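If you read the sequence shown in the numbering used here, its first letter stands for residue 13, the second for the next number, and so on.
Note that CB positions come from ideal geometry on N, CA and C, so glycine has one too.
Treat the numbers as computed from the prediction; the structure is a model and nothing was measured.
To start, the structure under review is shown below, and the notes come after it.
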Amino acid sequence: MIALSLSEIAGAVNGALHLDGALNADGSPTTPATVVSGAVDTDSREIRPGGIFVAKPGETTDGHLFAPAAIDNGAALLIVERALDLPVAQIIVADAVVALGDLATFVVARVRAEGRLRVIGVTGSNGKTTTKNLLRAILERVGPTVAARASFNNEVGAPITMLAVDFDTRFLVAEMGASGIGEIARLIRMVRPDVGIVLKVGLAHAGEFGGIEATLAAKTEMVTDLLATDVAVLNADDPRVAGMRAHTRARVVWFGQDATGTSRAPDGTDFSGVHATGIEVSSSGTTFTLHLAGGDTRPVTFQVLGEHHVMNALAAAATAEVLGIGIDDIVAALESVVTAERWRMQVLGGRDGVTVINDAYNASPDSMTAALKTLAQIRRPGERTVAVLGEMSELGEFSGDEHDRIGLLAVRLNISQLVVVGLAARRMHISTINEGSWDGESLFVDDQDDAFALLTATIRPGDTVLVKSSNSAGLRFLGDRLGEFFS
């Protein structure tokens, strides 16, 4: 974080400074003029000397209980909701999470006043983290860039990312997730993006949102407050996202397979933009030709597995072009990314020619469909494909039908073996049986241990194994175990 005095921080978060007995690291008394510049976090384990610990009450525990551990790790300041009997500076606030957001707003505004910082917001039902990582790889080639670690995209993770900017930062990539209407709007108010990216509106978290139309309303918040001088980067292939052009004052830049200039909306909107041609998918990655809106084209050898990730690459490329970055830097960066992130189409294994694809960080109907299609596309002649699937959570009323549909899709894609894990996902297994075309090719097991025992006994040399589920189902750990077993 940029250097700020304790009094400045207290003012930014509308808190009361509490210094009774507080000492600096050198043993001198702490004063309101004491300057703090360490990183901010809500996890005491991540605190480093000079850092700021935000004691966030949680559903199962209370961050205030971990304040002593944060001090042991070198915390110079605690932001708390009640005073603690500890010898370190504290700022007492009404709501620690709100204070975290207020501090992020203050810091980004001060850095932005220098005139160098460009802020990019990314949202969508799928692809946020991959697009963020690809965009970071591009932007880092031309200037200091701050982007979220892992999937830091909520009311806690997003401001922690924002607080990492300093006066040298050229680009801030803020991943913005939501599980309800108004959440993206709150993040937007913290740091109004210069560029807002919307990737897709799908059924992810539809149960929490209350339906696809509520999801659409939430994702539209990314573009509604953009200014006429800003840019909205929209997916031309998703009609719901494309429709957002009517809800923004910003200039619209398109990406997608429909962004070729040959496709137009019913109202005559020209979808010309960044697109790809000649897409070919194999077990070693994806090749395609990248076409920028300005007319430049280049072949790309993309190591990230899966045709669906080409769309994320197009979104990143379109944004980079808006920011003035040339195609050579864009392509070099895209080709340098080996994997999207841990548990996202992560390729493991290798012994006896067995490939394990661990894509179980999360799952929605769209991402499950994309992963199964990729599995089918990379199948090698004479070798088997195995899909190990768990629950897609937070689908609400759509859950039953969508689990049925995924089971049928596995049949229609001719996946060699389906292993369904856990009662919540059982309808995938039932739908394959009811299809009638499979005989023993779909198996149901109760839990990960049963799945591991089954798979390690039945996987054959040369098999390609996909592991996919929502985060809550925990199959990412099964994927890790299989990857280690076959390495």
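Which of helix, strand or coil DSSP assigns to residue i
i, result
"D38", "coil"
"G208", "strand"
"V359", "strand"
"F164", "coil"
"V158", "strand"
"L89", "strand"
"L302", "strand"
"G133", "strand"
"S499", "coil"
"V25", "coil"
"S348", "helix"
"A329", "helix"
"V177", "coil"
"Q389", "helix"
"S49", "coil"
"E319", "coil"
"L384", "helix"
"D55", "coil"
Nonlocal neighbours in the same chain, by C-beta distance under 6 angstroms from residue i, ignoring five residues either side
i, result
"G290", "F300, T301"
"L112", "V66, P171"
"S484", "S405"
"E233", "I196, A197"
"A332", "I150, I342"
"T386", "G318"
CB of residue i within 8 angstroms of CB of residue j, strictly
i, j, result
"I196", "K144", "no"
"A116", "I91", "no"
"I390", "I150", "no"
"H479", "N370", "Here residue 479 turns out to be Val, not His, going by the sequence shown. Yes, they are a contact pair."
"L466", "G402", "no"
"A327", "G285", "no"
"G502", "G495", "The requested residue 502 does not occur in the structure, where the chain is confined to residues 13 to 499."
"A24", "I59", "no"
"V423", "D475", "no"
"L184", "V131", "yes"
"G63", "V47", "no"
"S49", "I14", "yes"
"H287", "F314", "no"
"G208", "L238", "yes"
"L147", "V349", "no"
"G27", "V134", "no"
"A159", "I193", "no"
"R3", "D341", "Limits of the chain in this structure are 13 at one end and 499 at the other, which puts residue 3 out of reach."
"P473", "G365", "yes"
Residue range of the alpha helix (DSSP H) that includes residue i
i, result
"R310", "No alpha helix (DSSP H) holds R310; the beta strand (DSSP E) holding it covers 309-314."
"E447", "438-447"
"V110", "108-124"
"L430", "No alpha helix (DSSP H) holds L430; the beta strand (DSSP E) holding it covers 429-433."
"S102", "For the sequence presented, residue 102 should be read as Gln rather than Ser. First-last for Q102: 101-104, but that is the beta strand (DSSP E), not the alpha helix (DSSP H)."
"V423", "411-424"
"E187", "That residue, E187, is in no alpha helix (DSSP H); its beta strand (DSSP E) goes 183-187."
"L215", "Here L215 belongs to no alpha helix (DSSP H), and DSSP marks it neither H nor E."
"R128", "Run containing R128: none; DSSP gives neither H nor E here."
"F78", "No alpha helix (DSSP H) holds F78; DSSP gives it neither H nor E."
"V235", "224-236"
Boundaries (first-last residue) of the beta strand (DSSP E) holding residue i
i, result
"N374", "Unbroken run through N374: none, as it is neither H nor E."
"E292", "285-294"
"N370", "367-370"
"T476", "476-480"
"A399", "397-401"
"N247", "243-247"
"V265", "263-267"
"V457", "454-457"
"I64", "64-66"
Neighbourhood of residue i by C-beta, 7 angstroms cutoff - its chain only, sequence neighbours within 5 removed
i, result
"A382", "G318, H320"
"N165", "K140, E187, M188, G189"
"H259", "T232, V235, T236"
Cβ-based neighbour list, residue i, same chain, cut-off 8 angstroms, excluding 5 preceding and 5 following
i, result
"H76", "A67, P69, V92, E93, R94, L96"
"L455", "Q429, L430, V431, V432, H441, L466"
"L35", "P41, T42, P99, V100"
"L490", "A372, V400, V433, Q460, A463, F464, V479"
"A45", "S17, L18, S19"
Cβ-heavy atom distance, residue i to the ligand NAP, below 7 angstroms
i, result
"E347", "Of ligands this structure carries none, so the ligand NAP is not represented either."
**Asked** So does the stretch 309-325 actually touch the stretch 131-143, counting three or more Cβ pairs closer than 8 angstroms?
**Response** Cβ pair count under 8 angstroms is three or more, so yes.
**Message:** For the pair the stretch 249-256 and the stretch 206-213, tell me if three or more CB-CB distances fall below 8 angstroms.
**Reply:** yes
**Request:** Take every Cβ of the stretch 338-356, pair it with every Cβ of the stretch 459-475, and state whether three or more of those distances are shorter than 8 angstroms.
**Result:** no
**Prompt:** Using 8 angstroms as the threshold, is the stretch 120-130 in touch with the stretch 178-186, meaning 3 or more CB pairs across them?
**Reply:** yes
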